[in-house]
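Taking it in order: structure first as structure tokens, then the write-up.
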Amino acid sequence: MTKLLLSIHVIAAILAVGPVAVAASMFPAVARRTLSAPGGVSVSGASSLRTLHRICRVYAVLGVVVPAFGLATGNSMGVLGDAWLVTSIALTAVAAAVLVMAVLPGQAAVVASLGPDPEASPVKDAERADGTGASGTSRAATRTAVVRSPEEVRRTAARLAMTAGAFNLLWSVVTVLMIVRPGSTTGA
1 MTKLLLSIHV IAAILAVGPV AVAASMFPAV ARRTLSAPGG VSVSGASSLR TLHRICRVYA
61 VLGVVVPAFG LATGNSMGVL GDAWLVTSIA LTAVAAAVLV MAVLPGQAAV VASLGPDPEA
121 SPVKDAERAD GTGASGTSRA ATRTAVVRSP EEVRRTAARL AMTAGAFNLL WSVVTVLMIV
181 RPGSTTGA
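In our numbering, the protein residues as written are 1 to 188.
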């Protein structure tokens with residue numbers, strides 16, 4: 001049973017955390033190019049940003065499986081109290097906090113600054129006869145409000161790159177701890 005739990009844990013880590021790590025790393029560069037493009041925001045760049053943010057959101061939720069199966073595996077191996085595992089659990093919690101409190105909200109702010117999604121469902125973004133969207137705000141006013149200065153774009157992209165880098169570094173340390181298992185009597 002331990003081998004099955006460990007296999008599910010590793011596969012879940014690869015399939016759930018991997019896409020978040022890649023999409024979060026790609027987002028700042030795409031944001032910088034998209035938001036500072038001459039002539040305004042490109043449709044393809046905006047679509048890419050929305051897709052990268054969606055990947056991060058969806059796979060972050062799926063990523064809950066990773067620590068769940070990790071705890072089950074650690075319990076079946078009898079190593080829940082080992083220092084390497086406790087440290088890994090703590091770093092996983094910090095990585096999750098960075099993702100939920102910094103990466104995802106930062107991405108959401110950038111995506112919100114793009115204005116309404118032109119490919120969104122007409123039911124969701126129904127336009128009223130008076131020219132306002134479903135929320136009652138003017139689409140023209142929304143577009144005007146999203147103009148960003150080049151300095152603001154640079155700062156936002158840099159902050160997102162830093163937080164994504166911290167998230168990826170934390171997961172890299174957790175991965176090394178899982179492989180090396182310093183002080184473990186079960187060996188590496």
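We put the beta carbon where it would ideally sit given N, CA and C, even for glycine. Here the structure is a predicted model, which means the values were calculated and not measured.
Between the segment 165–175 and the segment 97–115, the count of C-beta pairs closer than 8 Å reaches three or more; the two stretches touch.
Taking 4 residues as the shortest admissible run, the segment 65–92 contains the following complete alpha helix (DSSP H) segments, listed from N- to C-terminal end: 65–77.
Burial of residue 63 is indicated by the presence of at least 16 other C-beta atoms within 10 angstroms of its C-beta. Annotation: residue 56 to residue 160 spans about 13 Å, alpha carbon to alpha carbon. Residue 70 and residue 82 have their alpha carbons spaced roughly 13 Å apart. Of all alpha-carbon atoms in 152, 85, 75 and 97, the one lying nearest the alpha-carbon of residue 180 is that of 85. Under the Cβ criterion (8 Å, minimum of three pairs), the segment 86–94 does not count as touching the segment 3–17.
Counting of Cβ neighbours within 10 angstroms places residue 153 among the buried residues, the total reaching 16 or more. In this structure, residue 32 places its C-beta atom within 8 Å of the C-beta atom of residue 157. Counting along the chain, no alpha helix (DSSP H) covers residue 15, and no H or E run does either. Only residues of its own chain outside the window of five on either side were considered, and among them 5 have a CB closer than 6 Å to the CB of residue 72, listed in chain order. Proximity to residue 109 across 80, 155, 173 and 74 peaks at 155, based on C-alpha coordinates. When C-alpha distances from residue 68 are compared across 93, 45 and 19, the shortest belongs to 93. With a threshold of 16 other beta carbon atoms within 10 Å, residue 2 falls short and is exposed. Within the model, the alpha-carbon separation for residue 119 versus residue 182 is close to 50 Å. The beta carbons of residue 114 and residue 174 sit about 33 Å from each other, so the pair does not count as a contact at 8 Å.
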